[in-house]
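Enquirer: My structure is below; once you've seen it, I'll send some questions.
Numbering (my numbering), first residue to last: 126 to 311.
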């Protein structure tokens, strides 16, 4: 499969998974079509810079995962894919409540990061399974790397990656979630 066609297919698969998840698990409908753009990776020392300001021009919660082709690759830090989820700060409470988390203080960053990490890890595992059907085999999902705003150490990316897909999801009449996706060519 040509690389640009493959890149579109992996981004389309993630887009469909997220849209289905938002409707079925979160009872949240999109208020605008999902935007998908290819962007250049800002990379340093084999890691992708992960900044939030260009996503929302304001604070957000950031959760990243790597996908690995084997336990050996995971131990060596050789990623097959990278998923980074950004949720706009004002949308976090509504998203978590839609996932049936109740009685929490949205100012409790530890709680928010832990539960966003659990939710997005489940989504990442679903995505890894989908990628298995697209020739990537069985992919392992890392534990979450989470922080308010930026991930200071960036995220490991697949070798020779120069571009990523940025998917923007509009919920509750505003851009509420952005996902950056990098997948190695197969």
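Ideal Cβ positions, reconstructed from N, Cα and C, are used throughout, including at glycine. Note that this is a predicted model, so its numbers are computed, not measured.
Which residues bound the alpha helix (DSSP H) around residue 198?
Expert: 196-201
Enquirer: Which two residues bound the contiguous alpha helix (DSSP H) that contains residue 256?
Expert: Counted as a single uninterrupted DSSP element, the alpha helix (DSSP H) harbouring residue 256 occupies residues 234-256.
Enquirer: Check whether the Cβ atoms of residue 306 and residue 208 sit closer than 8 Å, and answer yes or no.
Expert: yes
Enquirer: Using only CA atoms, which one of 188, 161, 162 and 296 lies nearest to residue 279?
Expert: 188
Enquirer: Which ranges does the beta strand (DSSP E) cover as unbroken runs of at least 3 residues, wholly within the region 131-207, from first to last along the chain?
Expert: 155-165, 172-175 and 185-193
Enquirer: Please determine, among 215, 285, 196 and 222, the residue with the shortest C-alpha to C-alpha distance to residue 166.
Expert: For residue 166, the closest of 215, 285, 196 and 222 by C-alpha to C-alpha distance is 285.
Enquirer: The beta strand (DSSP E) that contains residue 273, what's its start and end?
Expert: 270-273
Enquirer: Which residues in the same chain have their Cβ closer than 6 Å to the Cβ of residue 245, if we skip the five residues on either side of it in sequence?
Expert: 188 and 210
Enquirer: State yes or no: is the C-beta of residue 147 within less than 8 Å of the C-beta of residue 296?
Expert: yes
Enquirer: Measuring straight from C-alpha to C-alpha, what distance separates residue 264 and residue 181?
Expert: 30 Å
Enquirer: My guess is that residue 135 and residue 256 are in contact by the Cβ rule of under 8 Å, so how many angstroms apart are they, rounded?
Expert: 7 Å
Enquirer: Leaving aside the five residues before and after residue 309 along the sequence, list all residues of the same chain whose C-beta is less than 6 Å from its C-beta, in chain order.
Expert: 205 and 283
Enquirer: If I follow the unbroken beta strand (DSSP E) through residue 299, where does it start and stop?
Expert: 299-308
Enquirer: What are the start and end residues of the alpha helix (DSSP H) that includes residue 223?
Expert: 214-223
Enquirer: Could you tell me which residues DSSP puts in a beta bridge with residue 292?
Expert: 161 and 304
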